[in-house]
């Protein structure tokens, strides 16, 4: 420990002797570390599970479920997750997975029954165990029951933000709201909830990268009965219009996604068998006119397939990583030059009895200290970098947030970078025999 | 040559670090410059629109429940045309720089094998409203614009106007006007080319870089059964665009407001502002990549300078001896420059290979096109110049070493 502080003191004294080079070293390291941290912060915010602990068990159902009406469409070259409501209900009602639901995004005007308070909000139309499977946290009340769903009972679950806006209190269970043409009874209030990234309804959500707050959840049967339709009716059979917004005439359309939760891989393969049976039966019965090619995709595979995360994000990490490497080589060179210039000092220390290990350690401590200094300077630079990204017109701008985790990684990274760039020069300087060094001095 | 190489081989650390640094900088700079050029493409492609300050684009006019009735859109168009200061109005399926509704497809000239990927703009009076420059043939006639489209109009016969670059691609070495083309394979709707315009930019700028952004074509009349049309309004010269924009907003709201989707408001933009919005992402990317290139080069410059300065200082005595033995200042300077040239050249060579490897990897993971060969010499020359700049000051200092140094403390 005393040696450590002694080495630090030595490093400090040497740094004061040649300030410009030290500044150059620290600045180069800081820029490299900061750019790397900025890129990885965004990358980390956008990778991983959209719903930690839940979405890794979730799979989306895809198949070519085109019926007679839209047989004329283009070939089925990419798996399609949008299904007709009839198929979605059949798959959910089969209860073949651990839990399953169908969902479609909706945009609705929700108001109090007296019409005094109202808000336009995004929510989900669902069928099956939507809320429990997604793990949406409840503040009050409960999700809808199967009986309510079958009976098309006009019930709705809203989030606390909407409840407070409409009623001034988040405990709104038992009250009613007007949506579309109907009055819906509130049976539950959830805490504000959104997935980290958008993963439901990806094919209809171009441009939305980060999850959005879902503010209401309504059973699809009752919603359609009362004029609350999905935001986008997806692809409709030829007899009906091609693409529509906020329509409840969805009988001939493919617009709703089925997600199933399967705990074990074995369960997934069993479910695939079930899915194939279902699709083939529909094909043989003449409903699906094409070979249905049913497939199941895990959340991550599905997001990768649809390129939910823009390539730019990964590309920037690669670029920043390369840049950090360049900065490190650069600093290693500068440090080597700096250390080797002082061979005379080293020679004297060696002649006075310092072992090679001591000399090596001394220089490594100096490099590590410079690395930490770089890290300290990188902190405001990273903050600046993230601020610049937040100002950019990119979909992931909001993900560029500084967090304590980032700070910890930054500290670790700067120490590691300092030590890594110090090893080669430190080893180099302790290698030469003392006699030669004294002579050179 | 030998006196240049020998010291490099004896003290391997410094040359090694210089070479490594140059190689890495070269690999990064080549790829970053290439990415930069890719991102610049949508910004530099001519959009073909004349007088952008006098064009208003209304978009996000989304119908609720069912598509707009064509008659309703025609009525709205007529009302807009009646506004003072309006020169021309188009109702279209989509317009340039409108990114929320796009129509694209592959077309093929009848009797020609070449296919091309292109944007389709279906709407009436587009040549006039967008102020496109006709370079051959004619504009659509009033009769053609009055035709009622089945559906949006993609699958029916009729006339078409192409951009020059699309015409050249489909009908190389031939006059395009009078030729016919078809869309896709399954729906052989045949369109006859009646005109060619100089430029018109497509509105999906992303995707493959092989894509020509100047490939677009126009169909006449307004799309039926379409829920999200855009309306282009050409403001007459001398009229105040902002004034017209406000009035147009009122007209559209009055004529179509009750049929619009609830929760999404239409956007009324001046074309220039819309263009800025649509391309903002690319501009941001360009600044970022330009910044990266610049910082990489500065860091490399500083690095080479620092290393060379030490390398020269270490050999002060040898330089003194050479001077004592009759070497001129010029030859010392030239030797150091040649040495730097060798090191940087070797580093660039490695860097070019690395750049190519990195590009292959990026192509595999991020849908980038292949790095053109022309980038490699550019990258190498850039670094060689940089290296010479970096070595200049240490080399000049070395050349000033007096011969007397040779006699000291041998």
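Chains as they are written, first to last, in the working numbering: chain B, 1 to 441; chain S, 442 to 851. For glycine and all other residues, C-beta sits at the position ideal for the given N, C-alpha and C.
Is the beta carbon of residue i less than 8 Å from the beta carbon of residue j?
i: residue 747(S); j: residue 333(B); result: yes
i: residue 855(S); j: residue 464(S); result: As displayed, chain S neither begins before 442 nor continues past 851, which places residue 855(S) out of reach and without an answer.
i: residue 8(B); j: residue 369(B); result: yes
i: residue 59(B); j: residue 259(B); result: yes
i: residue 712(S); j: residue 689(S); result: no
i: residue 814(S); j: residue 667(S); result: no
i: residue 701(S); j: residue 563(S); result: no
i: residue 672(S); j: residue 499(S); result: yes
i: residue 549(S); j: residue 654(S); result: no
i: residue 250(B); j: residue 85(B); result: yes
i: residue 95(B); j: residue 263(B); result: no
i: residue 897(S); j: residue 470(S); result: This structure cannot speak to residue 897(S), because chain S is shown only from 442 to 851.
i: residue 753(S); j: residue 835(S); result: yes
i: residue 685(S); j: residue 330(B); result: no
i: residue 760(S); j: residue 773(S); result: yes
Taking buried to mean at least 16 other C-beta atoms within 10 Å of its own C-beta, is residue i buried or exposed?
i: residue 455(S); result: buried
i: residue 89(B); result: buried
i: residue 66(B); result: buried
i: residue 391(B); result: exposed
i: residue 213(B); result: exposed
i: residue 401(B); result: exposed
i: residue 484(S); result: exposed
i: residue 235(B); result: buried
i: residue 843(S); result: exposed
i: residue 232(B); result: buried
i: residue 480(B); result: No information on residue 480(B) is available, as it lies outside the stretch 1 to 441 that chain B covers here.
i: residue 582(S); result: exposed
i: residue 80(B); result: buried
i: residue 6(B); result: exposed
With a threshold of 8 Å between beta carbons, is residue i in contact with chain B?
i: residue 831(S); result: no
i: residue 807(S); result: yes
i: residue 469(S); result: yes
i: residue 462(S); result: yes
i: residue 744(S); result: yes
i: residue 828(S); result: no
i: residue 721(S); result: yes
i: residue 797(S); result: no
i: residue 551(S); result: no
i: residue 725(S); result: yes
i: residue 751(S); result: yes
i: residue 687(S); result: no
i: residue 748(S); result: yes
i: residue 704(S); result: yes
Give me the Cα-Cα distance between residue i and residue j, rounded to the nearest whole angstrom.
i: residue 545(S); j: residue 779(S); result: 55 Å
i: residue 826(S); j: residue 504(S); result: 60 Å
i: residue 224(B); j: residue 248(B); result: 6 Å
i: residue 679(S); j: residue 523(S); result: 17 Å
i: residue 380(B); j: residue 271(B); result: 51 Å
i: residue 309(B); j: residue 46(B); result: 7 Å
i: residue 112(B); j: residue 140(B); result: 18 Å
i: residue 52(B); j: residue 395(B); result: 21 Å
i: residue 722(S); j: residue 183(B); result: 43 Å
i: residue 639(S); j: residue 489(S); result: 7 Å
i: residue 607(S); j: residue 149(B); result: 54 Å
i: residue 682(S); j: residue 525(S); result: 11 Å
Please confirm whether residue i has its beta-carbon closer than 8 Å to some beta-carbon of chain S.
i: residue 100(B); result: no
i: residue 427(B); result: no
i: residue 82(B); result: no
i: residue 311(B); result: yes
i: residue 457(B); result: Nothing can be reported for residue 457(B), as the shown portion of chain B is limited to 1 through 441.
i: residue 17(B); result: no
i: residue 23(B); result: no
i: residue 393(B); result: yes
i: residue 344(B); result: no
When every heavy atom of the ligand GDP is checked, does at least one fall within less than 7 Å of the C-beta of residue i?
i: residue 203(B); result: No copy of the ligand GDP appears in this structure; indeed no ligand is present at all.
Positions along the region 318 to 333 of chain B whose CB lies within less than 9 Å of some CB in chain S: 318, 319, 320, 322, 323, 325, 326, 327, 329, 330, 331, 332, 333
Output needed in chain order: residues of the region 86 to 112 of chain B with a Cβ under 7 Å from some Cβ in chain S. 107, 109
Along the region 495 to 511 of chain S, what residues have a CB closer than 8 Å to any CB found in chain B? 503, 504, 505, 506, 507, 508
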